[in-house]
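**Student:**
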Amino acid sequence: MLAKPTDNVLPIEGTSRLTGRHIGAILMDEGKLTPSDAEQVLKRQRELGWRFGEAAIELNLITDTDLREALAKQYEFPYLVAGPDGVSKELVAAWDPFHPVVEELRTVRTQLLIRWFNPAAGRRTLVIASPGAREGRSFIAANLAVSFSHLGQRTLLIDADFRAPRQQGIFNIADRFGLSSVLSGRADLSVAAPVAGITGLAVLPAGPVPPNPLELLSRASFAALLGKAQSEYDVILIDTPPAADYADAQSIAFRAGDVLLVSRRDQTRVEDTERAVKELSDASARIVGTLMNAF
23 MLAKPTDNVL PIEGTSRLTG RHIGAILMDE GKLTPSDAEQ VLKRQRELGW RFGEAAIELN
83 LITDTDLREA LAKQYEFPYL VAGPDGVSKE LVAAWDPFHP VVEELRTVRT QLLIRWFNPA
143 AGRRTLVIAS PGAREGRSFI AANLAVSFSH LGQRTLLIDA DFRAPRQQGI FNIADRFGLS
203 SVLSGRADLS VAAPVAGITG LAVLPAGPVP PNPLELLSRA SFAALLGKAQ SEYDVILIDT
263 PPAADYADAQ SIAFRAGDVL LVSRRDQTRV EDTERAVKEL SDASARIVGT LMNAF
């Protein structure tokens, strides 16, 4: 059941304490209801004692999706468009923030906030790693970044996967400049792209793919970048290449310090996970948690 903006029957002109707008007014502004439709809904609402959105759905005047979008606007909750001209459908936390998958990711976010993230202690940066490819590492990193920004956290997502970068496609942003540009001294952190419609979230794409990924990531400029980012952001998430295939993840983890390890149910082998844990630990990284991805 979706969260509802009001508990009592209110006139269409009634306002919410968050945005000053009633759900019915938002639906009319969006062209989902006509004034005549709204009057029908109000009548039904009074008869049954239901919330406005419930009554509108019961009358088949709006869909569940219409109501979710209106609720997102009423609560000033980012709601982006997915598709060819928008973000990737993988970015479910942005285009369908009430989806069950997003609720699961909020649980992960909460556990990380309770057990690990502590800006006062300098714990702001987290590497998202996985043993192999196609285990959901980039999906988790992208959606966790959106989820943290929903809390008002200034969040930076860095795509450090020079082998097969994906974040520019997930967020539908340009990657003419990115991490490779910063590490090679051709740009600075200002090239991180703010995500339109999601307050507080910026993405630093991989940028032009370099011929020497590991050497570039091993430069002192990467540590300097992380230091700069920690002075500007509350949460920094880093997407990485598969740990079992490349040493890049070890180099990144050595500088960042802490890792969330992602594996995929019915795909990731136990021995690969154990190997990744050992190699990352050998790089002086701390595994703060493991996530079994079934999405």
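The opening residue of the sequence shown carries number 23 in my numbering; numbering runs sequentially from there. By construction, the Cβ of each residue, glycine as well, lies at the ideal position given by its N, Cα and C atoms.
1. In or out: Leu70 buried (at least 16 other Cβ within 10 Å) or exposed?
2. One question on the structure: do Val217 and Ala209 come within less than 8 Å of each other, judged by their Cβ atoms?
3. Kindly indicate which residue of Gly200, Arg137 and Leu205 has the alpha-carbon position closest to the one of Leu238.
4. Should Asn194 and Val109 be called a contact, given that it needs their Cβ atoms to be closer than 8 Å?
5. Buried or exposed: where does Asp261 fall if 16 or more other Cβ atoms within 10 Å of its Cβ makes it buried?
6. By a C-beta neighbour count over all protein chains shown, 10 Å radius and 16 as the cutoff for buried, is Thr85 buried or exposed?
7. Using the rule of at least 16 other Cβ atoms within 10 Å of the residue's Cβ for burial, across every protein chain shown, is Ala307 buried or exposed?
8. Could you check what DSSP says for Arg286 in three-state terms: helix, strand or coil?
9. Gly279 and Thr147 look like a contact to me (Cβ under 8 Å); what is the Cβ gap, rounded to whole Å?
10. Inspect the beta-carbon positions of Ala151 and Gln189 and report whether they are closer than 8 Å.
11. Is there contact here, the stretch 110-130 with the stretch 242-256, by at least three beta-carbon pairs under 8 Å?
12. Do Leu178 and Val130 have their C-beta atoms closer together than 8 Å?
13. Helix, strand or coil for Ala151, going by three-state DSSP, please let me know.
**Tutor:** Quick answer:
1. exposed
2. no
3. Leu205
4. yes
5. buried
6. With fewer than 16 other Cβ atoms within 10 Å, it is exposed.
7. buried
8. Arg286: strand per DSSP, three-state reduction.
9. 7 Å
10. no
11. no
12. no
13. strand
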